[in-house]
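Here my numbering is used: the first residue of the sequence shown is -13, the next is one more, and so on.
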Amino acid sequence: MDCVMKKLWTMLLVIAMIFTMASLPAMAADVTLSLLIDNTTNTAGLEAVAAEIEEKLGIALEIEVRPGGAEGENVVRTRLAAGEMADLCYFNSGSLLPTLNPAQNFVDLTDMPYMATFTDSYKVTVTVGDRIYGVPAGSSFCGAWLYNKAVYAELGLEVPHTWEELMANCEVIKNAGKTAVIASFADDWTSQLILLGDYYNVQQGNPNFAADFDANKAKYATDEYAFQAFAKMQEVFEKGYMNVDYNTNTYDYALQMLVEGDGVHYPMLTNALTNIAVNYGKEAADNIGVFGQPGDNADDHGITVWLPNSLYVFKNGQNVEKALEWIEYFVSPEGIAAYASAVSAEGPYVVAGVEMPDDAYAGVKEMMPYFDAGKTAPALEFITSVKGPNSPQICIECMGGMRSAEECAAEYDADVEKQAKQLGLAGW
């Protein structure tokens, strides 16, 4: 009898322990990290991973929002200079990274084991000197032309494969009483896409342009292929294809115009598809198609690729070790799965073994033939050391008809030269 009672009490104790453990809350956060991010980036994926990290590691995340574009870049630089940066900083990969003096401000991640899982094409964009400072904050994406597929069908239009065909489509759209090319210069960074998205065509025309540009041997004003981007911006203005309120229109309203079909083309980064899906639903996002900015050769129609923005750990923060734990989980298979469960891919991932999901946006699927055919080129800012810091303002001057394409190209070259000298680059 005693043996039976002892077994009974043991069983009851085990059951009680199970119920007690089941009723316990998830691990309470023992530290809260801060993340500084721009106001145009959808945070659903980051938040999904953050919730999982808080539950499993006890590290909470608080998101701080800054402006996008040049204004936001200045906020980042100011906070770094004051030593008041968030624990984690979301910022560009590529040529803008050296302007933040990463060796002084960010933790060196070169020897972290997870670096072996990133593609070389990504790692070079977060390398300054011979040290690596960032981890990818999402998938790659493209600088392209987003278009409303329903309006294209309504007007009997086909995807253009030359710039001339694109302008012909714009003329049909304009005559139908719609905005052919949406512009949103109130958010100045959005003005740059015709310039930056043309790089595939530049590279095809002059394969040495990036190296020569970096070495102060090639200029936008004098290279016949690079100059075409400024000529294209001027043509869009002169033909009256933009919305009349281009100076005051915002990125958010531009997306609304595109979704509703009031505007039919929007030269933009394809991560806009996520913003559309969040605000208008997946069906609306799948009505938006994507094509690369065409050049003059229909048989060589390609697309310009943006490597992901990155997360950097503030070197002088109070929670460096916890921040390192956070990003290690973020780029782990579990972290990437959590991210992908909340946000559809905006392009191919740069982490080994991560495949394009079946439920990717229709526009992203439209991009994949460019990748499959090898008709891609990274945006110039990912393969050179310099990018004109006043690029948005110069593009606004060109697309707004304030200065000629020739004047704006020369101004851009001068802006790049000034930055190169500030960075102390060889040959400048």
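Where a beta carbon is used, it is the ideal one built from N, C-alpha and C, also for glycine. All values reported here derive from a predicted model rather than from experimental measurement.
Exercise for review: Starting from the C-beta of Q405, find all residues in its chain whose C-beta is less than 8 Å away, skip the five residues before and the five after it, and write them out in chain order.
Suggested key: If you ignore the 5 residues before and after Q405, its C-beta comes within less than 8 Å of the C-beta of T85, V372, K373, G374, P375, all in its own chain and listed in chain order.
Point to revise | F213 (DSSP reduced to helix, strand or coil) | key: F213: coil per DSSP, three-state reduction.
Exercise for review: Give the single residue among P53, D73, V112 whose Cα lies nearest to the Cα of L82.
Suggested key: Looking at the Cα atoms, V112 is the closest of the given residues.
Review point. Looking at C-alpha atoms only, which residue of Q379, N257, G247 is the closest neighbour of I168?
Key: Comparing alpha carbon positions, the residue from Q379, N257, G247 closest to I168 is G247.
Review point. So, using beta-carbon positions, are Y133 and T290 closer together than 7 Å?
Key: Result no, Cβ atoms of Y133 and T290 do not sit closer than 7 Å.
Exercise for review: Given a cut-off of 7 Å, decide if A15 and E40 are closer than it, judged by their beta-carbon atoms.
Suggested key: Yes; because the gap between Cβ atoms is below 7 Å, this pair is in contact.
Check your understanding: Which residue's Cα is closest to the Cα of L261: G249, K109, L241, D174?
Key -> For the record, residue 261 in the displayed sequence is Asn; it is not Leu. Across the set G249, K109, L241, D174, the C-alpha of L241 shows the shortest separation from the C-alpha of N261.
**Study point:** Reduced DSSP category for I206 - H, G, I as helix; E, B as strand; rest coil
**Key:** The amino acid occupying residue 206 in the given sequence is Tyr; Ile does not appear at that position. DSSP places Y206 in the coil class of the three-state scheme, outside both helix and strand.
Check your understanding: What is the rounded straight-line gap between the Cα of N155 and the Cα of G386?
Key -> For N155 and G386, the distance between alpha carbons rounds to 21 Å.
Exercise for review: Ignoring anything shorter than 4 residues or poking outside the stretch 114 to 159, list the alpha helix (DSSP H) runs there in chain order.
Suggested key: Correct list: 135 to 140.
Practice item. Identify, in the order they occur along the chain, each residue of the same chain with its Cβ nearer than 7 Å to the Cβ of I45, setting aside the five sequence neighbours on each side. Key: For I45, the CB contacts under 7 Å within the same chain, skipping 5 residues up- and downstream, are A15, V17, L19, I39, K308, E311, W312 in chain order.
**Study point:** Helix, strand or coil at V337 according to DSSP, with G and I counted as helix
**Key:** Three-state DSSP puts V337 in a strand.
Point to revise | Residue span of the alpha helix (DSSP H) that contains W312, given as start and end | key: Its alpha helix (DSSP H) spans residues 306 to 316.
Practice item. List the whole-angstrom C-beta distance separating G124 from P319, where the pair is believed to meet the contact cut-off of C-beta under 8 Å. Key: G124 to P319, Cβ: 16 Å. No contact.
Point to revise | Whether L95 touches I118 by CB criterion (7 Å) | key: For L95 and I118, yes; Cβs fall inside 7 Å.
**Study point:** Three-way DSSP call (helix, strand, coil) for D286 in this model
**Key:** Three-state result, D286: helix.
Point to revise | Alpha-carbon to alpha-carbon, A331 and N161 | key: One C-alpha to the other measures close to 35 Å.
**Study point:** Residues sharing a beta bridge with T165, DSSP
**Key:** Note: T165 sits in a beta bridge opposite G249.
Point to revise | Spatial neighbours of E221 in its chain, beta-carbon cut-off 8 Å, leaving aside the 5 residues before and after | key: Taken in chain order, the residues that qualify are M153.
Point to revise | Through-space distance from L32 to S296, alpha-carbon basis | key: The alpha-carbon atoms of S296 and L32 are separated by roughly 12 Å.
**Study point:** Spatial distance of D272 from G278 (CA atoms)
**Key:** Their backbone Cα atoms lie some 17 Å apart in a straight line.
Review point. Apart from the five residues just before and just after W292, which ones in its own chain have a Cβ nearer than 7 Å to its Cβ?
Key: The residues are S126, F127, C128, G129, L255, A365.
**Study point:** G191 (DSSP reduced to helix, strand or coil)
**Key:** In the structure shown, G191 sits in a helix (DSSP, three-state: H, G or I).
Point to revise | Own chain, CB closer than 7 Å to A324, minus 5 neighbours either side, in chain order | key: The residues are A34, V35, E38.
Check your understanding: Which term fits T234, buried or exposed, when burial requires 16 or more other beta carbons within 10 angstroms of its beta carbon?
Key -> Per the 10 Å Cβ criterion, exposed.
**Study point:** Delimiting residues of the alpha helix (DSSP H) encompassing G58
**Key:** Note, G58: alpha helix (DSSP H), 55 to 67.
**Study point:** Residue interval of the beta strand (DSSP E) (run including G413)
**Key:** Where G413 is concerned, there is no enclosing beta strand (DSSP E), given that its DSSP letter is neither H nor E.
Check your understanding: Thinking just about the alpha-carbon of each residue, which of T105, W131, T26, F199 is nearest to the one in E367?
Key -> E367 has its Cα closest to that of F199, out of T105, W131, T26, F199.
Exercise for review: Below 8 Å CB to CB, which residues in the same chain sit around L409 once its five sequence neighbours on both sides are set aside?
Suggested key: Apart from sequence neighbours up to five positions away, the residues of its chain that approach L409 with a beta-carbon distance below 8 Å are P84, T85, S371, V372, ordered along the chain.
Check your understanding: Cβ atoms of V336 and V250: under 7 Å apart, would you say?
Key -> When the beta-carbon positions are compared, V250 and V336 stay at least 7 Å from each other.
Review point. Which value, in whole angstroms, describes the spacing of the CA atoms of K218 and D97?
Key: Between the C-alpha atoms of K218 and D97 there is a straight-line separation of about 44 Å.
Practice item. To the nearest angstrom, report how far apart A363 and I380 are at their CA atoms. Key: For A363 and I380, the distance between alpha carbons rounds to 23 Å.
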